[in-house]
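Its first residue numbered 1, the sequence shown is counted upward by one per residue in full-length UniProt numbering. Yeah, the Cβ is synthetic: ideal placement off N, Cα and C, and Gly gets one too. Shown next, in structure tokens, is the structure this report addresses.
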Amino acid sequence: METKFKLICDGNAFESIKDSWVKLLSITLKDDAILGFDEEFFSNPDLVNQYTEKIKAEINVGALILLVAIYQDELIVCCNLKLNHQQTTQHICDLQKGLIHPKYRRKGLLEKSLAHIASFCMERKIELLTLDVRANSIGHKIWVKSGFQTYGELDDYCRFNGMSYSGCFMKQKTQHLLDKFYSHIQ
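This is the structure in structure tokens:
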């Protein structure tokens, strides 16, 4: 499967994939991967536009970079890499909204994506990766399997449709992630 990975580091590049990115995000409706993006959100162009403009603004100021993968002109992978610009925390990157199109799951894209993320972060001297995820979700299990360790839990992590969900805060050394998955991009 010939997949092209690339980094989205400026607003113009984001504009070129924005519609595909929103489409990939909308798929989370069906598998409950990310709470907060429901039919009400996607049926309201103003909400979608406000959200994409915030993402674009974060990209333009260098606070966010997207790692994406394209297969046959279709965006099939995306992960938001939230960068820290404070001198004391520049060694940390927070992974957010990791998505793989359901049609392409279990084809090695997770491993390739994690290798690309680790490689990108190592080049920038980012030594620690963090993320947060709903406890006991499929995503949580995937992150554990990928070597991330829980360093904290929050009972009232997020709320959606009147329900409260627990969450886990996880971490992994960038070098460990690269060592584990580097062979997937050689």
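Range of the contiguous alpha helix (DSSP H) that encloses residue i
{"i": "L177", "result": "T174 to F181"}
{"i": "A33", "result": "No alpha helix (DSSP H) contains A33, which DSSP labels as neither H nor E."}
{"i": "K18", "result": "G11 to S26"}
8 Å contact criterion, which residue i and residue j should meet: CB distance rounded
{"i": "Q149", "j": "Q172", "result": "7 Å"}
{"i": "S113", "j": "C79", "result": "6 Å"}
{"i": "I65", "j": "I8", "result": "7 Å"}
For residue i, three-class secondary structure by DSSP
{"i": "L135", "result": "Reading off the sequence, residue 135 comes out as Ala, not Leu. Correct three-state label for A135: coil."}
{"i": "F148", "result": "coil"}
{"i": "A115", "result": "helix"}
{"i": "N80", "result": "strand"}
{"i": "F40", "result": "The question names Phe, but residue 40 is Glu in the sequence shown. Helix."}
{"i": "D46", "result": "helix"}
{"i": "E127", "result": "coil"}
{"i": "K56", "result": "helix"}
{"i": "K171", "result": "strand"}
6 Å Cβ shell around residue i - same chain, five flanking residues per side excluded
{"i": "F5", "result": "A69 and H116"}
{"i": "Q96", "result": "N80 and K82"}
{"i": "L99", "result": "L24 and C78"}
Where residue i falls, given that 16 or more other Cβ within 10 Å makes a residue buried
{"i": "S43", "result": "exposed"}
{"i": "A118", "result": "buried"}
{"i": "K125", "result": "exposed"}
{"i": "R134", "result": "buried"}
{"i": "H85", "result": "exposed"}
{"i": "G167", "result": "buried"}
Limits of the beta strand (DSSP E) - the one that residue i falls within
{"i": "D94", "result": "I92 to I100"}
{"i": "I70", "result": "L64 to Y71"}
{"i": "K4", "result": "K4 to I8"}
Own chain, CB closer than 7 Å to residue i, minus 5 neighbours either side, in chain order
{"i": "V22", "result": "V48 and T52"}
{"i": "S183", "result": "none"}
{"i": "D36", "result": "Before going on, a small fix: residue 36 reads as Gly here, not Asp. Excluding positions up to five away in sequence, the list reads F160."}
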